[in-house]
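As they're listed, the protein sequences go chains R and C. Under our numbering, the first sequence has 22 at position 22, and the numbering climbs by one with no breaks. Under our numbering, the second sequence has 208 at position 42, and the numbering climbs by one with no breaks. Structure first, then comments.
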Amino acid sequence: MRLIARIAAAAILSASLCGAAGSTAVGDMAPEFSRPDLSGKPVRLADYPGKLVLLNFWASWCGPCLEEMPKFSGWQREYGAQGLQVIGVSLDDDSASARRLIARHPTAYPILIGDAALGESFGGVLGLPLTYLIDPKGRIVARYQGNGDLAKMEAKIKALLAQRSK
Amino acid sequence: MHLQLIKFTSAIVGCVLIGAANPALAAPKPAAPEPAAHRPAASIPAASLIQPAELAALLQNPAAPKPLILQVGFRTMYVQSHISGAEYAGPANEESGLQRLRERVAALPKDTAIVIYCGCCPWNHCPNVGEAFAALQGLGFTHVKVMYVAENFGDDWVNKGYPVAKGS
Chain R
1 MRLIARIAAA AILSASLCGA AGSTAVGDMA PEFSRPDLSG KPVRLADYPG
51 KLVLLNFWAS WCGPCLEEMP KFSGWQREYG AQGLQVIGVS LDDDSASARR
101 LIARHPTAYP ILIGDAALGE SFGGVLGLPL TYLIDPKGRI VARYQGNGDL
151 AKMEAKIKAL LAQRSK
Chain C
167 MHLQLIKFTS AIVGCVLIGA ANPALAAPKP AAPEPAAHRP AASIPAASLI
217 QPAELAALLQ NPAAPKPLIL QVGFRTMYVQ SHISGAEYAG PANEESGLQR
267 LRERVAALPK DTAIVIYCGC CPWNHCPNVG EAFAALQGLG FTHVKVMYVA
317 ENFGDDWVNK GYPVAKGS
């Protein structure tokens, strides 16, 4: 009995030492979440059933993130009718920074106020930018860490939207 | 003269038609927002860098003296995961973070071994480590190293299996 307790304790310790960066993998179901948008309205992943969701973690201090955002707005306008939904999640420590930036540079998609707990639910968001593609059934189908190849990302989106329409 | 005028007019019309057919040329792209300017990580001399593997080996060697490790990045990242034993010093891209860093080291001898790190984003884009390093240099600290995080803290530290802790 003591041995089992020790093994369990060791497993718990090991899990905590491993931290949260076992990153949510391609093929896993995306964790459900609800976070407020910039107007305070709660937004859930489940609010977009049947959509291909591009979930982008960003912050106002992250140069590569800011470079991507106009492109994501363009994709929302271009592919939104075909079933794409872009969602941005700010991981700024201070949500006012995200609000100021979006006031100056509005996006064509909702921006949510994220936090460490949301990052942890995705296996740890320990570097930005980080983008997931989540299929209409809620399964993660792609993960892009850092300066992604946007041409490849767009090609993947087009392919997934084509599959969705079949 | 007439021939030259026709050539010139054709060139103008051609440009207009190409522009109309190609929206990328016709409409200016919206400019990407830019983050606030900061001292780049590239300003840190190579001699003041420490590689993650080197720091991990130091931490895992019971006989080695341990440096003071300060995370000079964002709390959202620190809470999720940080180097075991590292303290949160606040983002050095903001005056409030720099002030917190200055207060943390104010009472320390100038030869204290200090390692700072961030890992919020790829090295060349980090807004924090260059500022934090310059601040500590300005205060006269002589044994400051900056952990070189090429991509991000997750890939370059946590996923390598190096020691981490979480929480504030």
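Built from N, CA and C at the ideal position, the CB exists for glycine as well. From a predicted model like this one, the values you see are computed outputs, not experimental measurements.
For residue i, which residues of its own chain have a beta-carbon under 6 Å away from its beta-carbon, when the five flanking residues on both sides are left out?
i: leucine 215 of chain C; result: Val312 and Tyr314
i: isoleucine 249 of chain C; result: Ile235
i: valine 86 of chain R; result: Leu54, Phe72, Gln76 and Tyr109
i: tyrosine 254 of chain C; result: Gln237 and Tyr244
i: alanine 30 of chain R; result: Ile134, Gly138 and Ile140
For residue i, which residues in the same chain have their Cβ closer than 7 Å to its Cβ, ignoring the five residues on either side in sequence?
i: glutamate 317 of chain C; result: Pro288
i: alanine 252 of chain C; result: Ile235, Leu236 and Gln237
i: leucine 221 of chain C; result: Val281 and Met313
i: isoleucine 111 of chain R; result: Asp37, Leu38, Gly88, Ser90, Ala98 and Ile102
i: glycine 239 of chain C; result: Pro257, Cys284, Gly285, Cys286 and Asn294
i: alanine 331 of chain C; result: His248 and Ser250
Starting from the Cα of residue i, find the closest Cα among the options and give me that residue.
i: leucine 263 of chain C; options: C:Phe307, C:Ala222 and C:Leu236; result: The sequence given here has glycine at residue 263 of chain C, not leucine. Out of C:Phe307, C:Ala222 and C:Leu236, C:Leu236 has the C-alpha closest to the C-alpha of glycine 263 of chain C.
i: serine 60 of chain R; options: R:Asp47, R:Ser97, R:Leu161 and R:Tyr144; result: R:Ser97
i: serine 209 of chain C; options: C:Gly327, C:Gly296 and C:Pro329; result: C:Gly296
i: leucine 66 of chain R; options: R:Thr107, R:Arg164 and R:Val125; result: R:Thr107
i: valine 125 of chain R; options: R:Gly80, R:Met29, R:Gly146 and R:Arg100; result: R:Gly146
i: alanine 219 of chain C; options: C:Ala198, C:Ser334 and C:Pro329; result: C:Pro329
i: alanine 142 of chain R; options: R:Gly40, R:Pro42 and R:Leu52; result: R:Leu52
Got a sec: is the Cβ-Cβ distance from residue i to anything in chain C below 8 Å?
i: methionine 69 of chain R; result: yes
i: asparagine 147 of chain R; result: yes
i: tryptophan 75 of chain R; result: no
i: serine 34 of chain R; result: no
i: leucine 112 of chain R; result: no
i: leucine 120 of chain R; result: Correcting the residue identity first, residue 120 of chain R is glutamate in this sequence and not leucine. Output row for glutamate 120 of chain R: interface = yes.
i: glycine 50 of chain R; result: no
i: leucine 55 of chain R; result: no
i: alanine 21 of chain R; result: Below a pLDDT of 50, predicted positions are generally treated as unreliable, and alanine 21 of chain R, at 43, falls in that range; no measurement from the model is reported.
Helix, strand or coil: which one does DSSP assign to residue i?
i: aspartate 47 of chain R; result: helix
i: proline 70 of chain R; result: helix
i: aspartate 37 of chain R; result: strand
i: histidine 309 of chain C; result: coil
i: tyrosine 283 of chain C; result: strand
i: arginine 270 of chain C; result: helix
So, for residue i: in the same chain, excluding its five sequence neighbours on each side, which residues have a beta-carbon less than 8 Å away from its beta-carbon?
i: arginine 268 of chain C; result: Ala301 and Leu305
i: arginine 99 of chain R; result: Leu38
Using beta-carbon positions only, say whether residue i and residue j come within less than 8 Å of one another.
i: leucine 45 of chain R; j: leucine 161 of chain R; result: no
i: tryptophan 175 of chain R; j: serine 34 of chain R; result: Because chain R spans 1 through 166 in this model, residue 175 of chain R falls outside it and cannot be assessed.
i: asparagine 56 of chain R; j: proline 129 of chain R; result: yes
i: glutamate 120 of chain R; j: glutamine 246 of chain C; result: yes
i: glycine 114 of chain R; j: threonine 131 of chain R; result: no
i: proline 206 of chain C; j: asparagine 259 of chain C; result: no
i: aspartate 321 of chain C; j: glycine 123 of chain R; result: no
i: valine 271 of chain C; j: phenylalanine 307 of chain C; result: yes
i: proline 199 of chain C; j: arginine 104 of chain R; result: yes
i: alanine 279 of chain C; j: proline 211 of chain C; result: no
Does the CB of residue i have a neighbour CB from chain R at under 8 Å?
i: valine 227 of chain C; result: The sequence given here has asparagine at residue 227 of chain C, not valine. No, no contact with chain R.
i: phenylalanine 299 of chain C; result: no
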